[in-house]
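Notes to accompany the following structure.
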Amino acid sequence: AQSVTQPDIHITVSEGASLELRCNYSYGATPYLFWYVQSPGQGLQLLLKYFSGDTLVQGIKGFEAEFKRSQSSFNLRKPSVHWSDAAEYFCAVAEGNFGNEKLTFGTGTRLTIIP
Amino acid sequence: DVKVTQSSRYLVKRTGEKVFLECVQDMDHENMFWYRQDPGLGLRLIYFSYDVKMKEKGDIPEGYSVSREKKERFSLILESASTNQTSMYLCASSLGQASTNEQFFGPGTRLTVL
Numbered sequence: 001a002q003s004v005t006q007p008d009i010h011i012t013v014s015e016g017a018s019l020e021l022r023c024n025y026s027y028g029a030t031p032y033l034f035w036y037v038q039s040p041g042q043g044l045q046l047l048l049k050y051f052s053g054d055t056l057v058q059g060i061k062g063f064e065a066e067f068k069r070s071q072s073s074f075n076l077r078k079p080s081v082h083w084s085d086a087a088e089y090f091c092a093v094a095e096g097n098f099g100n101e102k103l104t105f106g107t108g109t110r111l112t113i114i115p
Numbered sequence: 116d117v118k119v120t121q122s123s124r125y126l127v128k129r130t131g132e133k134v135f136l137e138c139v140q141d142m143d144h145e146n147m148f149w150y151r152q153d154p155g156l157g158l159r160l161i162y163f164s165y166d167v168k169m170k171e172k173g174d175i176p177e178g179y180s181v182s183r184e185k186k187e188r189f190s191l192i193l194e195s196a197s198t199n200q201t202s203m204y205l206c207a208s209s210l211g212q213a214s215t216n217e218q219f220f221g222p223g224t225r226l227t228v229l
C-alpha cells in the first residue's frame, strides 16, 4: 500500500523568506502526487499536482514542487512567503491506476509565518 | 464556481446517539468521499462512493456507514456515536474515475461526542 511521510510537523519562517516543505512517498509504480493547503477553518484546496512529464510543477499562489523519483520525494517550495501562507499543508498520493480515486494523505505540516 | 457544502460546521452529540452528516456537491461529480481529520494523523478515508447507491470502505470504516441515494448527496452515519468519534469530518468530491482528478473539499464538520 502506498504511504506518505511529511517529516516536519511544524515549520516557522519569516515573511519574505523562502520555504520548502518535505514530502516522501512510498509507492511501487509511478505515483500521482498532490499538495493541498488548509487555511484555518477551511476545507482543503489543491495547490498543485504531478502525474507525468516535467518534474517541476507550478501551482497556485506562487508554489512549485519537484518530483524526484530517485529520492521518492515531492517537496513543495515557495521563494518568498506571505503572511497569508500560514496554514496546514498536506501531501497526498493516489494510485496510478485508472479508476482508483483514493488518495493517501500525509499527516500534514503546519506553517507559521512571523513578521 | 465549484462547491461542496456540509450541513453543519459544528455539531455536539451524546454518546449512543445516531448522527447524520450530510454533504452536497453541485458539480455533477461521480465520486464522493468522507474523511476524518485528527491532529497528528492527517486525513483518513472512511468511505467513498463512485456512483449512486455504490459505496466502498476506506481505511477506517468501523463505526460508520454511508448512504448515496442521489448523485449530489453523500451522507455519513454514525449509528451509535462514541467519544472516540469526536473529530473533524471532511467531505470531498471528484469527477470521473481517473486518479488525476482533483478532489474538492467542503469546509468540514467538527463533531464533538460527549
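In the order they appear, the protein sequences are chains A and B.
If you're matching positions, the first sequence starts at 1 in the numbering used here and goes up one per residue.
If you're matching positions, the second sequence starts at 116 in the numbering used here and goes up one per residue.
Even glycine gets a Cβ: it sits at the ideal position worked out from N, Cα and C.
- Item | Contact belief for N75 of chain A with A87 of chain A at Cβ below 8 Å, rounded distance in angstroms | Numbered from 1 along the first sequence, position 75 holds the residue referred to as residue 75 of chain A. Numbered from 1 along the first sequence, position 87 holds the residue referred to as residue 87 of chain A. Their Cβ separation, rounded to whole angstroms, is 17 Å, which puts N75 of chain A and A87 of chain A out of contact at 8 Å.
- Query: Which whole runs of the beta strand (DSSP E) in the stretch 44-83 of chain A are 3 residues long or more, in chain order?
  - Reply: 44-50, 56-58, 64-68, 73-78
- Would you say E217 of chain B reaches chain A, if we count a Cβ-Cβ gap shorter than 9 Å as a contact? Within the second sequence, the letter at position 102 stands for residue 217 of chain B. Chain A, which has a Cβ nearer than 9 Å to the Cβ of E217 of chain B, makes this yes.
- Message: Can you tell me whether T30 of chain A is helix, strand or coil according to DSSP?
- Response: As a position in the first sequence, residue 30 of chain A is number 30, starting the count at 1. The answer is coil: DSSP assigns T30 of chain A none of H, G, I, E or B.
- Terminal residues of the beta strand (DSSP E) in which Q77 of chain B lies: The structure shown does not extend to residue 77 of chain B, since chain B spans only 116 to 229, so no value can be given for it.
- Task: Output the boundary residues of the beta strand (DSSP E) element that contains G157 of chain B.
- Result: Taking the first residue of the second sequence as position 1, residue 157 of chain B is located at position 42. Counting along the chain, the beta strand (DSSP E) containing G157 of chain B begins and ends at 157-164.
- Of the residues A:G108, A:T112, A:I113, A:V4, the one placed nearest Q152 of chain B, counting alpha carbons only: Taking the first residue of the second sequence as 1, we reach residue 152 of chain B at position 37. For the residues A:G108, A:T112, A:I113, A:V4, the minimum Cα distance to Q152 of chain B belongs to A:G108.
- Message: Using CA atoms only, rank isn't needed, just tell me which of B:S182, B:S208, B:G223, B:F148 is closest to S202 of chain B.
- Response: Your numbering for residue 202 of chain B matches position 87 in the second sequence. Looking at the Cα atoms, B:G223 is the closest of the given residues.
- Task: Could you check if V81 of chain A is buried or exposed, using at least 16 other CB atoms within 10 Å of its CB as the buried criterion?
- Result: Locating residue 81 of chain A in the first sequence gives position 81, where the first residue counts as 1. Buried, by the Cβ-count rule.
- Message: If I follow the unbroken beta strand (DSSP E) through T5 of chain A, where does it start and stop?
- Response: Translated into positions along the first sequence, residue 5 of chain A becomes position 5. The continuous beta strand (DSSP E) containing T5 of chain A extends over residues 3-5.
- Grab the span of the beta strand (DSSP E) containing M142 of chain B for me, first residue to last. The residue labelled residue 142 of chain B in the question sits at position 27 within the second sequence. Run containing M142 of chain B: none; DSSP gives neither H nor E here.
- Item | One or two residues paired with Y204 of chain B in a DSSP bridge | Position 89 of the second sequence, counted from the first residue, corresponds to residue 204 of chain B. According to DSSP, which records beta bridges pairwise, Y204 of chain B is partnered with B:R151, B:T224.
- Using a C-beta cutoff of 9 Å, does I9 of chain A count as contacting chain B? Residue mapping note: residue 9 of chain A aligns to position 9 of the first sequence, counting from 1. Chain B, which has a Cβ nearer than 9 Å to the Cβ of I9 of chain A, makes this yes.
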